[in-house]
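To keep things clear, I will list the structure first and then write my remarks on it.
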Amino acid sequence: MLLKRHEWLDLARKLDWQYSYVAERDVFPEAMSGRPWLEHAEWSDWDEPYRTSYSEYVATQHEKEAAVHAVRDAVGRVADFERHDRAWLSALKLHAATLPLAEFAAVVGNLRAARFGRDGAWRTMATLGALDELRHTQIPLTVLHDLVAWDPQFDWTHRLFHTNEWVAVAARHFADELLLASNPVEFAVATHFVFETGFTNLQFVALSAVAHAVGDRMFEKMVQSIQTDEARHAQIGGPVVKKVCEHDRPYAQYLVDKWFWRSWHFFAVVTGFAMDYLTPLAHRKNSFREFMQEWVLEQFERTLRDHGLERPWYWEEFERSLGYYHHQVYASAYSYRATVWFDLPLPSPEERAWLAEKYPESWPDFAPIWERVSDRWRASGPGVEWYTHGVTPVGFCSLCQLVLSAGTPRENSACVRDHGGRRYIFCSAPCAWIFEHEPERYAGHRTIVDRILAGEAPANLIALVRDYFGLNEATWGKDSSRGRYPWLTPAVGSAK
Amino acid sequence: MRDDAPIPVYGFVRGDTLGLLVLVRPSDSIATLATTLGEAASVRVAPTRGARLFAGERELDPRASVAAAGLTPLDRVDLVPGAE
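Residue numbers (our numbering), protein chains in the order written: chain A, 5 to 500; chain B, 60 to 143.
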């Protein structure tokens with residue numbers, strides 16, 4: 005007689021046993037499993053809502069894979085991508101490069117939890133999570149790296165994380181700690197609870213809607229397919245946070261505070277650029293800040309309350325930065341666009357009007373910058389990239405490794421600190437706070453500036469871009485239209 | 060001459076979007092540093108006459124040398140454009 009599903013399921017997915025030859029602490033040492041270290045009896049009520057068996061997982065994933073490949077066969081060819089707006093292609097290149105190898109690092113984080121997670125159900129879900137993340141590596145590589153023959157910038161789909169380009173340095177600093185170095189408890193809180201539940205799970209829903217509006221069915225399908233996996237394995241986070249809160253609430257709060265800020269900076273660059281600058285204006289519905297307020301903040305605050313946790317201590321600074329940070333980084337990146345692997349559009353007057361409407365309190369600080377850049381394009385004429393490009397080396401945060409673009413144009417929030425006989429600079433008070441809590445973890449890392457001053461990286465921008473970042477004239481970022489904007493001509497300008 | 064080797068300082072121009080790394084000699088004047096920093100940010104912020112340079116709350120004398128102003132490597136300085 006065959007057993008019914010509910011009769012065998014927990015034996016398959018939530019299997020734990022007593023150790024008779026070794027101590028539990030030796031099987032799950034704190035250094036590998038994380039803290040608070042608790043006897044398994046404390047974890048035995050750990051569970052998640054999906055309760056998936058391996059065979060069910062394989063069957064579901066097979067269907068999802070088939071659907072992605074069918075869409076790719078139908079609308080994933082070069083001719084399909086050629087139809088897209090150039091700015092949208094840059095959004096694809098940005099996601100293509102930052103997504104797959106970070107997802108591959110997440111395979112390792114999940115596999116560590118699959119071995120050292122403290123309950124059988126957690127370990128089973130982490131095993132499926134590792135398989136998910138392997139899939140999230142393979143799909144964008146398959147779909148987007150294949151476009152390299154058409155556009156060499158798509159080579160960075162695979163290349164980014166293997167370079168010393170500044171976004172890569174920042175992305176590795178973030179992803180290595182988050183996904184490769186964290187023990188299963190910190191991984192669950194940081195990755196599943198904060199990054200996935202708080203940010204990317206909802207972002208993927210919004211991003212697929214944007215892709216749909218743009219008419220990019222391939223990206224829409226890819227993101228949708230990934231999001232359904234994320235929604236499942238992100239469920240690991242809640243029950244781990246619950247247990248950490250029961251035994252060491254200050255530690256849970258610290259992890260949330262640390263990883264929300266770290267995730268926010270990375271997220272703002274990738275998603276903020278895509279929503280407010282790289283999506284064609286006709287297809288924009290909400291601004292990045294509106295998306296954050298409606299989709300991320302409300303639900304994340306509610307989730308924090310459900311666990312008895314507070315908002316991070318820097319919440320006011322965070323809310324203010326919703327109107328500034330990604331605008332600051334975008335203007336910085338535009339004026340140093342040869343240091344990245346995708347092209348950046350100069351916001352048109354219509355786009356600036358939209359941004360002014362969406363960001364009434366902060367856009368007046370950015371409008372003069374874009375007027376200045378536009379004036380320089382007018383003066384140089386199209387095709388002269390370097391007249392609207394910086395040449396002086398820029399500073400990078402000693403914690404997040406991103407450019408020093410926090411605060412506002414009127415008051416940049418960077419702060420200098422000395423530690424262990426060395427000088428560090430942080431883009432913001434929360435980045436300095438994270439460093440000061442775990443200096444042994446961060447003090448040895450060197451920013452691009454540290455490497456330039458040590459003679460390891462060239463100070464000359466062209467040499468830095470070519471020899472250290474690994475870009476060349478075919479791949480480095482340019483103005484999306486090479487400065488050929490009808491509205492830039494004096495005749496059009498004077499007519500207005 | 061070794062005593063006058065260039066030192067790097069982090070420069071921030073009010074109205075700009077990021078911090079820059081500029082090299083300056085200890086014997087250079089604060090006015091020279093201000094000009095260098097203003098030019099470095101000029102793609103985004105138009106240089107102005109009468110810009111003032113600060114180290115924290117302290118306004119630096121444009122006639123003083125970088126060394127006399129007490130600037131050390133990787134200090135932060137802020138350029139506040141003048142009114143034009």
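Ideal Cβ placement from N, Cα and C applies to all residues, glycine included.
Whole-Å CB distance - residue i paired with residue j, under 8 Å assumed
i: B:V83; j: B:L92; result: 5 Å
i: A:G124; j: A:L19; result: 5 Å
i: A:V218; j: A:W92; result: 5 Å
i: A:E354; j: A:L285; result: 6 Å
i: A:L403; j: A:I452; result: Between A:I452 and A:L403 the Cβ distance is about 14 Å, and since that is not below 8 Å, they are no contact.
i: A:A95; j: A:Q405; result: No, A:A95 and A:Q405 are not in contact; Cβ-Cβ is about 22 Å, not under 8 Å.
Neighbour flag for residue i against chain B, beta carbons, 8 Å
i: A:L408; result: yes
i: A:S402; result: no
i: A:H449; result: no
i: A:T396; result: yes
i: A:V453; result: yes
i: A:A393; result: In the sequence as presented, Ala is not what sits at residue 393 of chain A; that position holds His. Interface residue, yes.
i: A:G399; result: yes
i: A:V171; result: no
i: A:P434; result: no
i: A:A418; result: yes
i: A:I429; result: yes
i: A:R324; result: no
Alpha carbon of residue i to alpha carbon of residue j, nearest angstrom
i: A:V496; j: A:P490; result: Confidence is the limiting factor: at A:V496 the pLDDT is only 45, short of 50, which leaves the residue's position unreliable, though a coordinate-based value still follows. Near 7 Å, if we compare the C-alpha coordinates of A:P490 and A:V496.
i: A:D369; j: A:M36; result: 47 Å
i: A:N168; j: A:Y472; result: 6 Å
i: A:F295; j: A:R486; result: 30 Å
i: A:K247; j: A:Q303; result: 20 Å
i: A:L211; j: A:G424; result: 43 Å
i: A:F400; j: B:L80; result: 9 Å
i: A:T392; j: A:S339; result: 6 Å
i: B:E88; j: A:A134; result: This sequence places Ser at residue 88 of chain B; Glu is not what is there. Those two C-alpha atoms are separated by around 58 Å.
i: A:G394; j: A:P434; result: 28 Å
i: A:E444; j: A:A194; result: 19 Å
i: A:Y255; j: A:C249; result: 8 Å
i: A:D422; j: A:H269; result: 23 Å
i: A:Q257; j: A:R309; result: 12 Å
i: A:N464; j: A:C419; result: 25 Å
i: A:H88; j: A:R376; result: 29 Å
i: A:Q65; j: A:F108; result: 18 Å
Cβ neighbour criterion (16 or more within 10 Å) applied to residue i
i: A:R176; result: buried
i: A:D49; result: exposed
i: A:Q22; result: exposed
i: A:S24; result: exposed
i: A:K8; result: exposed
i: A:R414; result: exposed
i: A:Y329; result: buried
i: A:N476; result: exposed
i: A:V26; result: exposed
i: A:G38; result: buried
i: A:D159; result: buried
i: B:Y69; result: buried
heavy atom of the ligand HEM below 7 Å from residue i C-beta
i: A:A463; result: Inclusion of the ligand HEM in the displayed structure is not the case, the ligand content being empty and no account of it being possible.
Simplified DSSP state of residue i, which is helix, strand or coil
i: A:D422; result: strand
i: A:F473; result: coil
i: B:S124; result: strand
i: B:Y137; result: Looking at the sequence itself, residue 137 of chain B is Asp, so the reference to Tyr does not match. B:D137 falls in the strand class under three-state DSSP.
i: B:Y69; result: strand
i: A:S339; result: coil
i: B:A110; result: coil
i: A:R445; result: helix
i: B:S88; result: strand
i: A:R76; result: helix
i: B:E118; result: strand
i: A:R488; result: coil
i: A:G38; result: coil
Cβ of residue i within 8 Å of any chain A Cβ
i: B:F113; result: no
i: B:T76; result: yes
i: B:L130; result: no
i: B:D134; result: yes
i: B:R103; result: yes
i: B:V125; result: no
i: B:L79; result: yes
i: B:P67; result: yes
i: B:R117; result: no
i: B:A99; result: yes
i: B:R73; result: yes
Item to check | Contact residues within the region 328-342 of chain A, judged by C-beta distance below 7 Å to chain E | outcome: In summary, chain E is missing from the structure at hand, where the protein chains are A and B.
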